[in-house]
Amino acid sequence: MASRVVTPEAVLVELPTAGAAARSFARVFDLVFNFVIISTASSVLIAVVGVSGLSVISGTVIGALAMFAYLLVFPIASEVLWRGRTVGKLIFGLKVVGVDGSRLTNRQAMVRGFVAVPEIFLSLGVLAMASMVLSERNQRLGDLAAGTVVIRSQTSSSATVPIAFHPPVGYEGYVQTLAVGQLRDDDFVLIRDFLLRVKEFSEQARNSLALSLAESIQRRIQAPLPGNIAPELWLICVASAYQLQSGGLLADAAMGLAPLAPPMPLGRPAKGKRRRR
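Going by this note's numbering, the residue at position 31 of the sequence shown is 35; the numbering climbs one at a time, nothing skipped.
Spelled out as structure tokens, the structure:
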């Protein structure tokens, strides 16, 4: 059974990890696609070199460049430019993200790409398959080294349900001042998932998770966490500010076209743990 991505704040993201079979088929598509592109480009380059008489560029050099592009450049560039996707992953609805549900970084893509050379190409995929079978999250060695996981990005229905977060009463002006331009879609999903599940946690866990997630988001958007506001209430303000910036959803909710977030009585903030700036 596919596991799910759990953030360091212990917030569940409803995106089950991809299995070894789906990932293997996606990799095969990528290998074939990259081979066709690179072999075609190499043939054109060889023809151009032959016509132009540039004898300093030998077939061996071109072959070495093509192999380098096939093993490293194309796999890494695809995941960086397509935000965790490749042709094969796109076909099978897969996506690479950080283990905390965040967007794949350039460093993570490079680590995955370099580890894939011995793990997939030199071992003919044996190491990768063994790692995915033994890993709880179906991670290959490259995932473990980079801190990533491959998810099935088209299987989550709850993440696409439009839920509107109105500014809390008395904090309408504060919400307007929040600069959430640096907040990513993945960050909003984490906030949304936590706020919609607060009643599932004990009061102690709820306060602890709210504080941890609020501090993480606060570092992301560089906004101070006021000392007179509970972390959970601040997260509601951030979610509301994000939707106000995106536009449309709150107005739709006012007309009954989108559901409002359910009422969430705030837990008592943990003493001595609130961050002040």
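Each residue gets a CB set at the ideal place from its N, CA and C atoms; glycine is no exception.
Alpha helix (DSSP H) segment containing L35, residue limits
A24 to S56
Reference R224; option with closest CA among I80, D197 and D191
D191
Bridge partners for I155 per DSSP, in chain order?
DSSP output for I155 lists T21 and K99 as bridge partner(s).
Give me, in chain order, the residues of the same chain whose beta-carbon lies closer than 8 Å to that of F29; leave out the 5 immediate sequence neighbours on both sides.
G92 and F96
Could you give the DSSP three-state label for A245: helix, strand or coil?
helix
Check the C-beta distance from S119 over to A73 and give it rounded, since I have them as a contact under 8 Å.
The amino acid occupying residue 119 in the given sequence is Val; Ser does not appear at that position. Rounded, the Cβ-Cβ distance is 18 Å, inconsistent with contact.
Backbone CA spacing between S127 and I66 [nearest angstrom]:
25 Å
Within 10 angstroms of the Cβ of N232, are there 16 or more other Cβ atoms? Answer buried if so, exposed if not.
exposed
Mind checking M136: buried by the 16 CB within 10 Å criterion, or exposed?
buried
Cβ of G117 within 7 Å of Cβ of V101?
no
Note down, in chain order, each residue of its chain lying with its Cβ closer than 6 Å to the Cβ of S139, except the 5 sequence neighbours on either side.
none
Grab the span of the alpha helix (DSSP H) containing V84 for me, first residue to last.
F78 to L85
Between which two residues does the alpha helix (DSSP H) containing I124 stretch?
That residue, I124, is in no alpha helix (DSSP H); it is neither H nor E in DSSP.
Can you tell me which of A26, V52, R31 and V55 puts its alpha carbon nearest to the alpha carbon of F78?
That would be R31, whose Cα lies nearest to the Cα of F78.
Based on DSSP bridge pairs, tell me the residues matched to R107.
V101
Counting C-beta neighbours from all protein chains within 10 Å, is the total for V52 16 or more, i.e. buried, or is it exposed?
exposed
Contact belief for L239 with F205 at Cβ below 8 Å, rounded distance in angstroms
Actually they do not touch by this definition, with Cβ atoms about 14 Å apart.
Identify whether Y178 lies in helix, strand or coil by the three-state DSSP scheme.
helix
Identify whether V184 lies in helix, strand or coil by the three-state DSSP scheme.
coil
Backbone secondary structure at P235 - three-state DSSP:
helix
C-beta contact flag for P228 and L215 at 7 Å
no
So, are the CB atoms of A243 and I195 less than 7 Å apart?
yes
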